Structures are given as structure tokens and as C-alpha cells.
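Here's the structure we're looking at; comments come further down.
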């Protein structure tokens, strides 16, 4: 673990949080994860679009009253005018999807680093526009795919890259939840009400909400590039006008076949994200509900379970992602904190004058965000045409982002 | 468990086995399962197309020399002429796929009951022809989908039928194996060499071999009827000219969505058949590697694990499928023996003059066989047209077979 | 798998069953397991001490009426006078504990091989007397510790013997059940009523019933010889006057430490037998509820899961204990059938004139039975003296039985 | 979750850390856990007995140079003289066992709250002395049994207290590690070298190190009070002169039987702490490697798995211990942070003038520390007399600590 005091800054990074003042929990998760290693502290926020709620939330978050802003605009405007030694360094955006774009644009324009919830935007043009803004600003942009911070997810990525599975042939990713069954169509809107409102959630429900995680996990661990996709979506719960179940088949450039299954209507699955990768020399399996274990199988050999364990980590990168010795369970806060930590490293590089992506960029970027939005859009198109294969035609990512 | 002495026969049923003399293991599995409850005994066989091998196998199987026949034709011809008190009652066909048709036709024509390995045939016309022969003969025809004999698979079927999951929305079935990686392209043909020969295995590899099991499990437990299917197949192993990986999406009549994933190239998965069913009131999950456990989940309730246990079985049918008290593990032999037991019940009904399907027909039938062959054919067609949805146009099954 | 026709006998072995006519299930388990490989068939029985029940059971077991005897005495007397080509070869004793001795003695005296349920007897003197009778008769005596027939239990034994774990230091065996909670003290006696009657079950309840299994598993897999034991027993359920929970610590000759925990009052554990062995180079773990998996751990290496798999079996002995390829679950019937198979091999050696224990004796023997009875007695003594260490003073076993 | 700004303090609590400057990881764990909810921040430390190391560690921990003290004495002396608005509020002691006493005494005398690693001391008299000092000082004393902070451990405790299992009869706790095998006797001392030095670790090795955790888990969840104990210890690894394996049987006041098994020589077990509780109406099971699941079993009912889930938490206390929604894995940092949070609540009560234990005291206290030390001592005595039962004669705890 790197020092909590980061040269050349030699201080904690200052965080502002947009969102988190409602009944949702993700604002708090961001605050906890960002601060976990004491490399950053939350000092400002616009926690709710309701100014009164925002001020109350500020107290709950331990943010001094003057910096509990009534709106993101106010926050950005005032913070931008603060002297460098007080001004926040980065802004975390944990608001409904449809607001990501304008907030992120404003933050980037004002020169702040950004950590943004997924999906990046509801609209592909906006996503591209954001990517251009990031390129222009030169600041750090982290997309909050927290799962990519799990040490054994990173180990899976490295084992695959090192050829431990041989040539990858097939991948299966699933993300199953059942939470929608807690929503009573007859009841007033709950905390996540906006997720059921296409004007806010965007044109997709479950696919945008968790399918983007699944897609990124596929990309992050295998580096496979889709060539064409075929999607079949469904809506089973009466309370929401958007897809809540879906199935996507992806043909990749080298003939690989991948499938992504997403559901928010599978009773009793809390957050069941899983990954299976088949190669011609081995296969692996990881499941979020047992994040500290990675199963590797090879024909006619005993099944291997790799546990999170600094002493036996596959590489220094994996080791660095472990806070505790093996056997001391770590969770998703630690995973998200690892993603934040990657971002912090980049912010410090930036502060020291070198390019933010001069070092290794392992955290999800705005380019991943564009891909995620494109993935959702292509799936919707394919589904609208009865699953017709749609070619993946996203222009190639910049060199350093490509895997 | 019913008595081993079956009225009105008051004796063990006499079994003949076609196949089983090579290096494959499934002939022996059939002999063990059929005899497990001492309701039947193997008394004759044509164990190999090589007469010498057949005679050697007869000794190994404990079949008296004169009834170790040199060919299935000889077996059927001679056995048919034996007096009823010596003649075999049923013939189990455990030979390569391409021979099922002619052997089953001959057996049916001679008036024998038949137990047949899957897939029923390699050709849909032959499958239909066989179904007509069964209807004509009035004899019992059991398709060897042994998995349908697991007590908790039967419990899943009954719980779904009773509405325990509410309305079923989605189903995911997977059957993953890795055995193909044990095949060295440079080596001489192994025991299952015929499975790599399209002339014998038919036009499909993995889909026919284990996809038919997965499809039957879907049908057996949920009763869902496909309306259209879209299939994407792949061939990853160099040693075999047939599909070894595949993914099928099924749209069903009531808007339900099902997926079937099959692989024989997933390193280290021995025989990993799994079932997941989502309803609007609950979901369930079963996996062959833990056959004695059925997981049922309901939103905001503790996860339930139903164990195989006669005392707490969901119904008498499930209880009857349990030989041992809970906690004494049972396996696939017992499951297949349950399917045989269903067939034996029907054979006894037949012997007593009532129709073979006068009682409950829970065992897979020739109609299931036709469906399986049609499923494979439709998948191949869809795959050949890049996954285009193909309508399911199989004429409806007879009443008593329909679920 | 060896041929079902056993040279020099060239026929199935003939089995008689004493017991099995009540509501218990173990008589049937023996019949199924003995017949599973078609190397033996049940042809006679004294199924109940109630002659009418015995005759009814005969029909249910498929035993021809004249050989459904009214008592074990009648069975032994009449069978002994039958000509060799009709007479039963072996007698399985599946009756309440207190009757094992007199039945086994009579069977041995009449020259029959014996398969006997555990515990061997309720009384140590009787156990020794039986061991002497076996020595005198020269016939085969198999004690029904079915768990020793699981392929991966045998693999554990062989891996330990081969030094895979290095020097063994510590062993933990537990056998947990909860079935007693199904017994209502206010209700009339259930099927296992005799197990609550000290006159029949003997001076111990749970320790004798399942503790003997646990102790044998310890001995069978590790070969460790106790030097002294300390036992603490308890009785928690009001319906039974015998121990239903217990904890035993064993000091072994080489300084090893073993513990055995038994319970029949742990709600919801059906039959949870588990084994953990620690050595200085590795540790292993096996659990009956997942009989097809053996976990092996070594410091700073991935956990290994060995699956039951003929192709990757640790040795020929293990391979021979597998009926089906890996991934096809096997259960306890198959395990018990393996123990029977060992006995059949010995019976055939005996029939061919060589000593029954001329070959490898892997099945539990009368010497194991004596040890089990001694183990129970010593535990009761230690418990009666508040857990005082009691030296293990059983005279050494004959050479070929010792491990 | 309570507000991070704690009334009446309205600020973060200030933490000092003694220890953590060596190669051990637990100092950092304390800093992370204490700061996780942003209710406290590390502002001072004496990180090593080597002043140079201490100063370097201060930087790594983000502690400003002047407050990176060269010794605990210096820290306490100087901090005590700081004005209340700068002075640290509490001191966490994460040093070798033999130093706990003098550091804690000094801290208490100076009026600081204390969080102390286990075992409390190596000597029972010192433990009692510390308990008296805590009583005198009236300050908060938290013993760092982090496992007691897991939400489902707390749920287990509450379910048992509420009678969900009926009358508790038996408990089995095990704590298995294999880390000692990583120590090469021929190598120079590693980070945990002091644990092998009786002058520092005290008279016990494994029992003191992790047996105290296991004992506290037993006490915390069941409230059972030992009446007598019998212990058998062993030393299997050549590199350490202290016990590394042990087995303890406890007879409790109501006739309950408990066992505690500890090992640091079980290859490949990283940190395997488990709890099993049997009552006459149900049983439960929890295992640290799956901290988010609690298994509850009742005879003839499906097994229940309770997952950590705020929406379905058993009580408000359990809910308060969950930071994230169900399905987002939490780990041991979060558990320890819960224990810290309990302590913070008490510190705030103290600051507001009410007694520190006026509110609910769920965190482990100095009384638990005394019990742990007594437990170790009694086990050593019993072991020294060959496992003779030793009566538990610790004077009763004060009312509010007793369960």
C-alpha cells in the first residue's frame, strides 16, 4: 500500500460528492471507499437537488456547513474560485444517470478530476462528448466499476494476459439480482424510483444498470473486443417500463464467443456477479459472493482455488490490491477503494506535472464509459430487430487505454 | 419403493443390452441402474459389433454364453422366438447415435419394450418414424434422460407445477464439460471416437450429446413450450469436426425466456449440469454436482436449501424417488434407476393388459426423443443462418405426454 | 470393475439377510449394495423376528417364499443342510446390536461368511469371542463401515500412507446428525425404538451408533493407533436414556492428537460425517455430503480439490472403487457396494482354496469391530471418571490386519 | 449508521496508535478500521520502539512529524499536556502482548480511552489490575475482538438470546490457521518473531493468539459461562517453543458442553474461524470465510441461509452493523470498524458526562480481556495436569458486562 501522504501533494486529496443525500446508499459507499486508505477526505458536497436535504446530509457526512452546497452548479462555481490549497481536487458524481453528462462536463470544464457512476450517460453522443472533454482537460476521469478493484478479478486479468488459460475461447458473465420484487407497483416511489423513469434512467433499465458492469468485467479481464452482438431483452416486472432481464451474445474478433446474462427479477439473488472464462489450456471462475476465491481448472488436474493472499499473489499488482493478509475477508468497499486508489495515483501524477495516464491506467476510464453506453445502445438496437446481429463499430480507443 | 417382484409378472424383468462392449461406460451404467432395485436382470446382450468382443463382454456382464449374441439382429431374432417365460422383456440400446433407429425399429417390430440412449436419432424423419412405431406397437419406450430421475429434479418440477415460484419468467440451463481436452488430435481414436464422426454422431456434436439433456431438463421441470429459438454454435477444439460449444435462446409461448448453454471445452468441468428457474414469486437452482440439494430463494426471506429427504419430501412422487434417508448421498445411478423404475411400472401395466401409458408417465418418452432431435435440427438451422429466430413448429404431443 | 461372474465360482454369490423386515431402511440398503454390481443376489432371509412380517418382507425383497424364514436359527439350520449349489454363501446381519453376537456366532459355526452391521457387539467379551470364531472358521467377516468404500476416502488413506501430507500431526473427525429431534417423547416407539433401549442398543447410544463409524474412519485413513483417550459424553434429548452427544480426545503413539465429535442432536444435520487431517507438509479434508471431492491444502499454494475421477485417480485401488466417470455423482450405496466387493473378492479367494486374507484386506474386519467396541467401552469408562485419560490396551491385531 | 460528526463532540475523534511500525499488518488494520466511517482520524503514534522506524512510519501513516513519537511514554506524556482541543481522545495498543499492560496502565492513568489488542496481558494479575484501573478511570476500554463486529455474528447472538434455537446444549468453535508452516526454523526471525518468544508472547502461543478470539466468540454469541474446563495442547512445529495446537472442552453452568479447537499448523487454512451452536429447537453455523452468511437448521425443515442484508436484518442492532446492502460483500475491516464504532459511541457518552457504559455495551471490554487471560491460564494448568478438569472460578463480572 502506498503512503497515505502522497508526494508531491503531501496531503490528503479533497473530495466533493454530488448526490448521496437521498435514500440511496451509493453516495455513502463512495465516501467510505474514497476515504478508506486515508488518502482522501470528503470536504464538500451537493448531496441533493433539494437544498434543505443537501444541508442535512452535509452534517451527516461530516462536511462543514458552508461546503454543503445547494446544487452542483453552486459547488463547482464556488469551489473553483477557492484557492488551490482549499479547493477540492476531485468530484464524485453519484446521481441519476441523466444528470451525469452535465455535471461531468461542468466539473471537467472547471478543471476538476472526476469519478463518475455508471452508465456514463444515457446517450452515446453525450458519452463521446464527455470523452472529448476529458481529452481536452487532461484531468483524471474514473468510471466507478468497483468490481474491477477486487484483487482476484485483477489476478484473473493478469493470468489470462499471461496465457495461463492458453487461448481464450469463450466467456460467460452473469449479473443476477432480485431486488425489483421488493417494489410494489401500488406503492409510492421508493429510493430508486428514478431507475424506473426512462427520462432519468435512460432507454434501458437493467442492462444499463448492471449490464454495463458485466460488460466491463468481460472487457477488463479478457480484453476481448466484440465484433458483433445479438441481444434479447425482456420486461417481466409490471412496475417498471424498462428491460429487467436480458441476454446478449457477443462474437469477438478472434472467433471467441461471449455471453452476458443480466436480471433484476431473479428472486433472492442479492448481487450475484459471476465470470467464467474458457481457454484451451484452462478455465477460470470468479463470483462476487466469494470475492476472495478464484477457481482455476485444468483437464485431468485437481481443481485449484486461488485465495486472496498477499504472500501468494500472482503479481505485484495483485499484491498491491490486497490490504489484509489472506483469510481476513475483504469486500466491495475495499475493491472500490482500489479503483479510487488508481485514480489517486493518476491525480498525483497529474499534480506533479506528468500526464495523468503516464503511468499504468488500470482504473476504468471515460473510454470504458463510452463503450458501456455503446454496448447498451447496440443491444437495444439488436433487440428491437429481434436479436439481429449488429456489428460493433466503435472507433478504436486510444493506445494506452486499449488492452 | 415398490416390491421387487412385480405383479402380475411376479418375477424380475429380463433385460437385453445392445452395446456396452467397447471402452465406453454407458452400457455398464444401464446394466447397473436397471438392476439396482432387483426388479430386472440382464440376461442377454449384443455387446459389440465385433462378435468376439461381444462374447467376451457377455462373460464380463455375467450373461450366459448362448445369449451373448454376435449382433443385435441375431439377438432380436432369436429372443423373439423364445417362449415368453424365457424371452427378454426389454432391450436397452446404448450404441452410437446413428444405429438407434434401425435397432429400435427392429425391437419394436418384434414386440419388445425399448430403453434408448439419447439423442433418439440423428435424423428427424427417423425420429418421427420411431414415434409412429411406438404408437403402433403399444409397447413401452423410455428415453434415457437419467437426470430426470433425480429426486430433487422431480421436486423442482412439482414445485413449479404447484405454483411455488408463481409465474415462471425465465430459465437458464447449462451443461458444461471439459472432456474434449483429453483428446489428442494426433492420437489414434479413443473410446468415444464415434462421437467425432459425423457419420455416426450425426450433424451435431455437443448440442446433440448433452444439449438434448439440457433441453429435456428445461422441458421436464418447467413444461415451457418453445415458440422460437435462436442458436449460436462454435467449434473450438481442433480434433472434432462438430460443434463443441453452443448457446441457444428460446422464446416460449407465454413470453418466457430460456437459455441453454452447452460446452465440452470448459477445462475441468466434469459433468456440470445446472438449472435455474425464475418466477415472480420465487426462484430455484439445482446443480448436478450437488444433486441432493435444491436451492429456493424468495425476496427478503432466508435462502432455503431443500435436501433430499424422504421425511420432508415435497410429495409422494419425490419420496418414492428416494431410496435412502436424507444425508446418505445418492448419485446418478439411482437417478437412472428411477427412470428405469418408471419404465418397469409401465411394462407391468402393459403386461397386465392395461395401456402402458394408462398410469402416470413421468419417464422421458419417444415424444421427448422427437423433440430433442427437432431441437438439435432447429438449432443447426438457426446457427446456419447466423442465429435467426426459427419458429418451433413441432406438432403437439399426445395429451398424456403433454405437461 | 471385476467381472460379475467370479472365478472359480463362475456364478453370483448367494446372500441371506437377517433383519430388514421392520421399518428400518438398512436391510434394504444392504440388499441394494450387495447386488449393485450383480455379483451377488439375495435368495434367503429372516427379515423379522415376527414370522408373519418376515414372510411379507420376503415377497417385498423378491425372495421366494420357502426361503423367507421365520427366524435366523431356522435360516441357518436349513440353509446349512442345502446342497452347496443352492446354499447361501454369506449372511448379512442387519439387526439390533444386542443380537449380532448370537447370530454371527451361529453363522460362523455353520461355515457361512458374514457381513455384520456395527457396532460388532454391545460387549467386549463377545467381540473377542467373535474374533476368535472368525479365526477358527477361516471364513470372511466384513464389518459394514460403508464410508470406507468411498473412492476419495480410499484416496485420502493412500495419500496419507504415501506421505503426501508429510508426518501426520492432528486429526479431527466429526459425525453430526439431528434425527433425534424427530422423536417425540410422548409418542409410541418409532422404527428405531430399539436404539433407545439399553437392553438392545447397549450401554451407549450415539457413540456406539455413529462414533464407531467416526473412529473407524480415523483408523482407516490415518492408521494412527490410540495410546490413551479422554471422553466427555452428554445426553440432551429427554426421549432416550443414552448418550446423544460426545467428544473424545485421543493421544496416539507418535504424539499425534485426534478428536472425535459425535452428535445426534444437531438440528438439521442429516448425516454429516467429516474428516480433517493435518500433516507437516499438507492437510486434507473430506465431507460425506460432498463425497466426490477431497480438499488438499498446502501452505502458500492454491487449494486443491481432487474430484472422484477414474482418469485422475490417485492409484489403481481408487480407480477400481469408481464405477462411473468423474462428474457422475456416486453415493453411499456405491460406497457400501465397494466394501461388499472387497468381501466378495475374499470369499472367492476362500472358495478357491486360498486363505480369505491372502489378498489385500481393505474391507473392515472383525478386528475393526473389536476395536470399535473397545473404543466405546473405554470412552464410557473415561466419561464415568470425568474424562480421565484411559490407556488403550487392546492387544495388537494380527499382522495382515494392521495398518 | 450514525453521523460521522458526533454530538456533543461535533468533530472526529483523535486517535493515537502504539505499534504498527514493524512488518506486522495489524497497526494498519486498526488505523483503517478506526477511520473507516470518518468518525475518527489518526493524528499521533508511537509506531515502533525504534525511534527512526517510528518517524518513518509516521509519514507512511500520514501523521504529522511532531506527533510521530519515539516511544509510547513520550506520546502519552506530551499528548496529555496538549490542550483538550488538540489532544488525542483514545490510544490503540497494537504491540506485542507483554507490553499491553504497562502501556494501557499509562494511558488509563493519563485519562485516555484505550483500544487494546488481545490477549489483554500475559499475566492474570496484570489483567485484574488493568480492570481495576479501567473501573477507576471511568474511561472506555475496548478489547479488539474484531470478529464480534460481523453483522451475522451479532445476529447469531441475538437469535440465540431470543430463543430461536430453544435451549442451547452444545457449541463448537474452531479457529484454524496454517501460517506457522511459512516459518523456516533456520531463517532469521520474521515479522511475527515475537510471537515465538515466551518472554513477549507469554506462556501460550496459539491458544493466547487465536484461542482467545474463539473463546470470546463463544461467550459473545451464547453467553454461556464455563463451569470447568479440560485442555489438551500440543506443539507440532519445531520453530516455536509454545503450543501451536489445542483442544479445550468446557462444561457450562447449565450442563451445556462446548469445545474449542485451535491450530496454527493446519496447512492452507488462512484464518478459518467457525462457530456451531446446537439448541433443542434449532442449530446455527457461521464461518468467517463466508462472513455474510449464517446457516440456521431446524429438523425436517429446509436449511435456511440468512444473508447480511439491511432490509431483512434480524434487528436494528444487526441493521446498524451493515454498511452496505446485501450482496455487496463486507469484510473484517468493516467488522472491526463496528467494534470501534461501539467504542466511539461510548466515548461520546463519556464526553457528554454520562457514564461510558450507560448505554448498551456490545464491544468487548476489559472484563472480556480478563476472562481471556484466565481462560488461557486455566487451559495451561489443565494441560499441565493431563487435561484434568479445572473449575472456572473467576469472580462474576459487573452487571452491565454480564450477558
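Residue numbers (the working numbering), protein chains in the order written: chain A, 75 to 477; chain B, 75 to 477; chain C, 75 to 477; chain D, 75 to 477. All C-beta atoms, glycine included, are put in the ideal place defined by N, C-alpha and C. Only a predicted model underlies this, so the values are computations on that prediction, with no experimental measurement involved.
CB contact check: residue i to chain C, cutoff 7 Å
{"i": "residue 386 of chain A", "result": "yes"}
{"i": "residue 406 of chain B", "result": "yes"}
{"i": "residue 310 of chain D", "result": "yes"}
{"i": "residue 344 of chain B", "result": "yes"}
{"i": "residue 178 of chain D", "result": "no"}
Three-state secondary structure assigned by DSSP to residue i
{"i": "residue 394 of chain C", "result": "helix"}
{"i": "residue 229 of chain D", "result": "helix"}
{"i": "residue 110 of chain C", "result": "coil"}
{"i": "residue 215 of chain D", "result": "strand"}
{"i": "residue 309 of chain C", "result": "coil"}
{"i": "residue 183 of chain A", "result": "helix"}
{"i": "residue 379 of chain D", "result": "strand"}
{"i": "residue 257 of chain A", "result": "coil"}
{"i": "residue 475 of chain C", "result": "Any answer about residue 475 of chain C is weak, because its pLDDT of 41 lies below 50 and its placement is not dependable; what the coordinates show is given next. In the structure shown, residue 475 of chain C sits in a helix (DSSP, three-state: H, G or I)."}
Beta carbon proximity, residue i to chain D, threshold 7 Å
{"i": "residue 225 of chain B", "result": "no"}
{"i": "residue 110 of chain C", "result": "no"}
{"i": "residue 380 of chain B", "result": "yes"}
Beta-carbon proximity list for residue i, same chain, < 6 Å, skipping 5 on both sides
{"i": "residue 409 of chain A", "result": "220, 223, 224"}
{"i": "residue 372 of chain D", "result": "356"}
{"i": "residue 460 of chain A", "result": "none"}
Span of the alpha helix (DSSP H), counted from its first residue to its last, around residue i
{"i": "residue 125 of chain A", "result": "125-135"}
{"i": "residue 447 of chain B", "result": "440-458"}
{"i": "residue 385 of chain C", "result": "It is not in any alpha helix (DSSP H) - residue 385 of chain C carries neither H nor E in the DSSP assignment."}
{"i": "residue 273 of chain D", "result": "272-275"}
Same chain, Cβ closer than 8 Å to residue i, neighbours up to 5 away in sequence not counted
{"i": "residue 78 of chain D", "result": "Low local confidence applies: a pLDDT of 46 at residue 78 of chain D is under 50, so the model's placement there is unreliable, with the coordinate-based value given in what follows. Within the same chain, residue 78 of chain D has close Cβ partners 86, 111, 112, 113."}
{"i": "residue 144 of chain B", "result": "120, 125, 128, 129"}
{"i": "residue 263 of chain C", "result": "Here residue 263 of chain C scores only 48 on pLDDT, less than 50, and its place in the model is too uncertain to base an answer on."}
{"i": "residue 424 of chain C", "result": "187, 212, 213, 214, 430"}
{"i": "residue 400 of chain B", "result": "366, 381, 382, 383, 384, 385, 386"}
7 Å Cβ cutoff, residue i in contact with chain B
{"i": "residue 287 of chain C", "result": "no"}
{"i": "residue 377 of chain D", "result": "yes"}
{"i": "residue 268 of chain C", "result": "no"}
{"i": "residue 374 of chain D", "result": "yes"}
DSSP beta-bridge partners of residue i
{"i": "residue 357 of chain C", "result": "C:352, C:371"}
{"i": "residue 166 of chain B", "result": "B:91, B:189"}
Any C-beta of chain A under 7 Å from that of residue i
{"i": "residue 174 of chain C", "result": "no"}
Run of the beta strand (DSSP E) containing residue i, from where it starts to where it stops
{"i": "residue 332 of chain D", "result": "331-337"}
Neighbourhood of residue i by C-beta distance below 7 Å, restricted to the same chain and skipping five residues each side
{"i": "residue 102 of chain B", "result": "94"}
{"i": "residue 464 of chain D", "result": "302, 303, 452, 455, 456"}
{"i": "residue 289 of chain A", "result": "334, 446, 449"}
{"i": "residue 168 of chain D", "result": "91, 92, 93, 94, 100, 101, 104, 191"}
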